[in-house]
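Protein chains in written order, with the working numbering: chain P, 2 to 411; chain C, 33 to 353; chain D, 14 to 541. I have placed the structure first, in the form of structure tokens, so that the comments after it can refer back to it.
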Amino acid sequence: MKALQVERSLPRFAVARAASAVAPGRGARVGPLRLAEIDPPAPPGPGWQRVRPRLAGICGSDLATVDGKASPWFEPVVSFPFVPGHEVVGELDDGRRVVLEPVLGCATRAIDPPCPACAQGDLSRCRNIAFGCLEPGLQTGYCSVTGGGWSLALVAHDSQLHTVPEAMSDEAAVMVEPAACALRGALKAQAGREGVVVVIGAGTLGLCAVAALHRWVAPARLLVGAKHPQQHRLAGELGATDVVAPSSLPRAVRRATGSSAFGQSGDDSSPPARAGGSSPMMQLTGGADAVVDCVGSATSLAQALAIVRPGGRIVMVGMPGPLAVDLTPLWQREVELVGAYAYGFEPGPGRRTFDLAFELVADAGLDRLVSATYPLHRHVAALAHAAEAGGRGAVKIAFDLRRERERDRI
Amino acid sequence: MSRLPSLPSLPGARFRVPRPGFPWSAPLVPRGYERPPAAPHTGADYDTAWARRPLARHVRLLVLEGPIRLGVRALTAPERTGLDRLDGLEGAAIFAANHHSHLDTPLLLTSLPEPWRHRVLVAAAADYFFTNRLTSAASALAIGAIPIERTRIERRSADRAAGLIDDGWSLLIFPEGGRSADGWGRGHRGGAAYLALRTAVPVVPIHVEGTGAIFGKGDKRPTPGTSRVTFGAPLHPRDGESATRFAGRIETAVAALADEATTDWWSARQRAARGTSPSLSGPEGSSWRRTWALGERRRPRRSGSSRSRSSGAHSPAWPRI
Amino acid sequence: MSPRPGFVLEVDRSTPPTLFMHGNGYRLEHLPVGSRIVYPPEPLPVVRDIDGAIRDALLHPVDSDPLPALLFPGMRLTIAFDDISLPLPPMRRPDVRQRVIEAVLDLAAEAGVDDVHLIAALALHRRMTEAELRHAVGDRVYDAFAPRGLLYNFDAEDPDALASLGETSQGEEVEISKRAAESDLLVYVNINLVAMDGGHKSTATGLASYRSLRHHHNVRTMQHSRSFMDQHRSELHSSNWRMGEVIRNAGVKIFQIETTLNNDTFPKPFDFLQKREWEWSLRDRSSYLASTKALARTPDRVRRSIFQSVLAPHNMTGVNAGDVEAVHELTTAKVMEQQLVHVEGQADILTLGLPHICPYNVHSVMNPILVMCTGLGYFFNLYRRRPLVREGGVLIVSHPTPWAFHPVHHPSYIDFFEEVLTETTDPLEIEKTYEQSFAEDEWYRHLYRTSYAYHGVHPFYMWYWGAHALQHLGGVIIVGGDAKAVRRLGFKPATTMGDALEMASDVVGRDPSLTHFHCPPLMLAEVT
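Next comes the structure, spelled out in structure tokens:
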């Protein structure tokens, strides 16, 4: 069976890391990822079924893995070799189309009784992701046993499967998983209707977060920092009230919140002769009620800290990795910094995240975010495209496995 | 050639030492000829025309812009204000300044703006600067000094100065007639006013401050410090004005400039308008009281160095002057 | 030789290329044969004895008692003066304001006046720095008054320093500096660089608050000012005159002193910039070649500081003092004498070369919004009777239009550019939707009052200034500008003058008539 596989090879990780410094996504050619011929995974126990992927998205965390940049934190919670791909819409042997909820919680690991989080359905907080009947692996796509989406077949536990409604296209269905991540982050912002919410980044997660905030929170001002023209347009369509370049975000937030900024008062009789736009790190006195950081870089987090109001909340939706950020504002302004990793149960609406995500994808028409699909053998091009999606006018890149020749033989 | 010793009468030809004859040596004066007294060539009669020829002027330019300017900057760190008042002034002018120190002349010469700086002569006391040929030549060359008789109005030196002004030379003059002995000024003499009336050129009053403390009269060596030169608006002689009256106006103007330099322009103008500008010559009385009063006139810190916010309500308390 | 009047040249095959100012630089452009070039008159001679003329004007004012008769001990005297926006480029020291203010203060000292305030009448402009104030009023006046807090920038956002004087017949509120309103005499020291300046606009605008200014600094007024350089056909001036009446009726006594300057704009060796091209000497041509080559190799920032350090050799051609209206009539006549050029007929295309400076970027950056204001606001409106370009015609502007803002001087401009112009460029829409939120933004208010920032609403006024032109023109093309910035302004970018003319032909046809307005030096076209 054809599959893209990540091997545990330190030299390859190192080479990928070096290559990705030249251009993001370059790690695909030289790194730990290889197109391999492997045996299809066998169901590890009762309640497991074979899923043949139809579309499998490329996520930012996948890119980090391919480029050798994933955090060492993941070391104990993955098992090599694994097939990446956790944004999966596939079909069961009975022809039913399903979306995979990739977290490998207690239920999939045959741990009974489940941990308290899993008991509440909050899978993303499961405490047993390295134990039970499976190899370690926080999600399908990081576990050596289950296989992953970037192949022709994987195995999934019944508890992981969500049936796709007949009317929903594969393109829409593949957006359910990222939409669920983003929507969890959006709901964690805990903003009110009168509030000002900022979304930093307008990639897949950012745009989904915008759609989610628009649908469930509808804050008075929803500002988005977006780099590329396509992102500007989509963010506006999905409900942002203001879309600005990331560098102008502090100014826009200042305007929207009516706050002031430090550092430009005039005790100096000879004003600086320097010219240019605003500094991207203009420090505000007030700021937004909540900032949803869908980038996860040191720059974005520093900017989030500069534009959130004292006592406000920053939700990290983008995967951060090791960052060097001055946390003084976090301390001095008593800002809450919370993470939003995956999905589970949303206490607000009182429903499972994935159920909400299905609604969001359908109602907001998020299928439009799937910009391009590639066959498996063009994975180098696919990953390069995904790594530069914004600049190339794209949002979500996915592997299309529906037309793989081998598919029907498995 | 005034110092030729009168030759003793030759006793006899036998003892003649071989020496070159007349064209090679000075002629002997025939006996019986009464030599007229030699015209004095120093003092007020020193002829400075050579110091106004191109070569000397270029030497002076080099000296002034080189060592003198550097020396003045090192010693007196001058602050020059009021130069804008000379805007629009054309042609020759008489610059009249108060006088504390020998440094005043080089300070002022380096302070004068173009085009006057290199076309100005300094009226120097004939009895001080022109006592012998060496000092005369040095004064004439280095600062363009011309000898002026300060003890009396002397027709010839006045004529000569007037002629030079008519030729387009400007004149720097210290109407007090000498350096201040105790820090206070003295009354003005009429020379500057007389020359201005006679040649119909304007008088620019100048106030110099600080040089007295750096190298005052009687000081053995200079102590570096700061000085301030304030130029006043040119005063034009009025029709039918007497030299005395005009001299009074010049003195008042310099006094107002002194007031301006120690306080500020507006207060100085107000006092000048009321006729209450502090006198340059200080209070009458014993010398300790004069010295005491001098201390109160010390210039406060420059206002420019402490800025204030624009609004009157928030302005910091201004130190009482 | 008496100065030659301005004139209109028709370009033929022997005409040398034409000089276009181009921001911090200049270019030579070939204009099509048959184009017309409007040249300004040569500089008028300067008054010989400036201080004497000022004193004479104060002692023999127009329609007013001599100044000494208006001064008395114990009175409150306020002297207001024009701010950094005048004159352009800044003049060499001593500034004419310094001369006038010193003359006034001399008389005040003689009259025994003690209570004197000096106010920089900057309305919603940025505060002047110490160096700028020193340049305008001179060190003597600055040192005497500023440390005591008696010389200061007007603050239109200080509620305690404003006085409401009532409303005009048309319901326009008049709110000006309290100190000025409560003084026994307000002396206004003006520099009348263009025909728009001076008159009642001095006090009613220069010392007024936003509450008062919004009644004439708005789109409707600007669209009905044809042009605002012609005070008889300017709604801007009608409104200011109405306010002037309210101020007078409220008992504020104004002694107006207006000065006019000649248009001697560029110092040597850049004086060729104001010469007619065919009269350039060998030295001029070498200066042009050397300076353009050198500037092309100079970083923008250095170029900017070179150009911003230019001090113009212009000086006073006249001074009048006394009653506001009577004085302003004489002043306007003098301005016309210097600036008026007769032009016959309108053209399909008007070309302009914008210089490095406009009233709002002295010691600062000419940002895209100011480019719009200078081209479509100021230069377009330098006409009487009819615009130089026909209705529906095209304006071609030469300026690099860099995407650059001075962060201290123009904070609200940056937000205006990012927040407003990305949505709309329609002045009416902008006024309706955004003006209030910018005008009342606390941060802008804070920066205006304590830093050196233009008021939050100021970029709106810049945009309104071009409202008449936007309404009148069929298209605007900017040659040599930053394409993104130009598009953001709603205009079309062109790389060369040739391209621009091609693009213009889409609007005005294949064989358009073209007029080039060879400004600066400043002039005013009387179009018949």
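Idealized CB from N, CA, C, for every residue including glycine.
Neighbour flag for residue i against chain P, beta carbons, 8 angstroms
i: Ile427 of chain D; result: yes
i: Pro160 of chain D; result: no
i: Glu432 of chain D; result: yes
Cβ of residue i within 8 angstroms of any chain D Cβ
i: Gly392 of chain P; result: no
i: Gly240 of chain P; result: no
i: Ala249 of chain P; result: Checking the sequence shown, residue 249 of chain P turns out to be Ser, not Ala. Answer yes: the Cβ-Cβ gap between Ser249 of chain P and chain D drops below 8 angstroms somewhere.
i: Ala289 of chain P; result: no
i: Trp82 of chain C; result: no
i: Gly259 of chain P; result: yes
i: Trp297 of chain C; result: yes
i: Ala253 of chain P; result: yes
i: Ala203 of chain P; result: no
i: Arg406 of chain P; result: no
i: Gly278 of chain P; result: Because the pLDDT of Gly278 of chain P is 39, which lies under 50, any placement of that residue in the model is unreliable, and the question is left without a value.
Chain D residues whose Cβ lies nearer than 8 angstroms to that of residue i
i: Ala236 of chain P; result: Residues of chain D passing the Cβ test: none, with the nearest at roughly 13 angstroms.
i: Gly264 of chain C; result: Result: empty, since nearest Cβ-Cβ is about 11 angstroms, beyond 8 angstroms.
i: Ala262 of chain P; result: Trp456
Residues near residue i by beta carbon distance below 7 angstroms, same chain, minus five either side
i: Pro18 of chain D; result: Pro54
i: Ala358 of chain P; result: Val177, Ala180, Ala181, Leu184
i: Ala293 of chain C; result: His239, Glu241, Arg260, Thr262, Arg331
i: Ala17 of chain P; result: Gly28, Val31, Gly32, Pro33, Val67, Asp68, Gly69
Residues near residue i by beta carbon distance below 8 angstroms, same chain, minus five either side
i: Ala305 of chain C; result: none
i: Pro85 of chain P; result: Leu5, Val7, Leu34, Asp63, Thr66, Val67, Gly142, Tyr143, Gly149, Gly150, Trp151
i: Pro273 of chain P; result: Bear in mind that the predicted position of Pro273 of chain P carries a pLDDT of just 39, short of 50, making it too unreliable to give a figure here.
i: Ile362 of chain D; result: Val402, Gly406, Val407, Leu408, Ile409, Leu514, Ala517, Val521, Pro525, Ser526, Leu527, Thr528
i: His215 of chain P; result: Leu223, Leu239, Gly240, Ala241, Ala365
i: Ala20 of chain P; result: Arg27, Gly28, Arg30, Val31, Gly32, Asp68
Residue i, enclosing beta strand (DSSP E) - first and last residue
i: Gly312 of chain P; result: 309-317
i: Phe263 of chain C; result: 259-263
i: Val175 of chain P; result: First-last for Val175 of chain P: 171-175, but that is the alpha helix (DSSP H), not the beta strand (DSSP E).
i: Glu397 of chain P; result: For the record, residue 397 of chain P in the displayed sequence is Lys; it is not Glu. Its beta strand (DSSP E) spans residues 397-401.
i: Thr66 of chain P; result: Taken as a continuous stretch (DSSP letters only), Thr66 of chain P belongs to no beta strand (DSSP E), being part of the alpha helix (DSSP H) at 61-67.
Unbroken alpha helix (DSSP H) run spanning residue i, endpoints
i: Gly53 of chain P; result: It is worth fixing the name first, because residue 53 of chain P is Arg in this sequence and not Gly. Unbroken run through Arg53 of chain P is the beta strand (DSSP E), 49-58; no alpha helix (DSSP H).
i: His386 of chain P; result: 380-388
i: Ser189 of chain C; result: 187-198
i: His233 of chain P; result: 230-238
Chain D residues whose Cβ lies nearer than 9 angstroms to that of residue i
i: Thr113 of chain C; result: Asp152, Arg153, Asp156
i: Val245 of chain P; result: Glu431, Glu432, Thr435
Beta-carbon proximity list for residue i, same chain, < 6 angstroms, skipping 5 on both sides
i: Pro114 of chain P; result: none
Partner residues on chain D for residue i, Cβ-Cβ distance less than 7 angstroms
i: Arg301 of chain C; result: Leu118, Asp119, Ala122
Residue-chain proximity (residue i, chain C), Cβ-Cβ < 8 angstroms
i: Pro326 of chain D; result: no
i: Arg40 of chain D; result: no
i: Ile114 of chain D; result: no
Contact set between residue i and chain C, taken where Cβ atoms lie within less than 7 angstroms
i: Ile63 of chain D; result: Gly120
i: Arg106 of chain D; result: Asp116
Partners in chain P for residue i, counting only beta-carbon separations shorter than 8 angstroms
i: Asp454 of chain D; result: Arg256, Gly259
| task | Taking 8 angstroms as the threshold, find out whether the segment 231-240 of chain C comes into contact with the segment 260-278 of chain C through three or more Cβ pairs. | result | yes
| So does the segment 313-326 of chain P actually touch the segment 59-75 of chain P, counting three or more Cβ pairs closer than 8 angstroms? | Touching, yes.
| query | Between the segment 141-161 of chain D and the segment 174-194 of chain D, do three or more beta carbon pairs fall short of 8 angstroms? | reply | no
| field | Touch test, the segment 274-281 of chain D against the segment 323-340 of chain D, Cβ-Cβ under 8 angstroms, three pairs minimum | value | yes
| query | At a cut of 8 angstroms, does the segment 216-226 of chain P reach the segment 388-398 of chain P through at least three beta carbon pairs? | reply | no
| Quick check: the segment 226-246 of chain D against the segment 435-447 of chain D, are there 3 or more CB pairs under 8 angstroms? | yes
| request: Could you say if the segment 191-200 of chain C and the segment 98-115 of chain C meet the contact criterion of at least three C-beta pairs nearer than 8 angstroms? | output: The answer is no - the segment 98-115 of chain C does not touch the segment 191-200 of chain C, with fewer than three Cβ pairs under 8 angstroms.
| message | Within 8 angstroms, do at least three Cβ pairs link the segment 89-97 of chain D to the segment 202-215 of chain D? | response | yes
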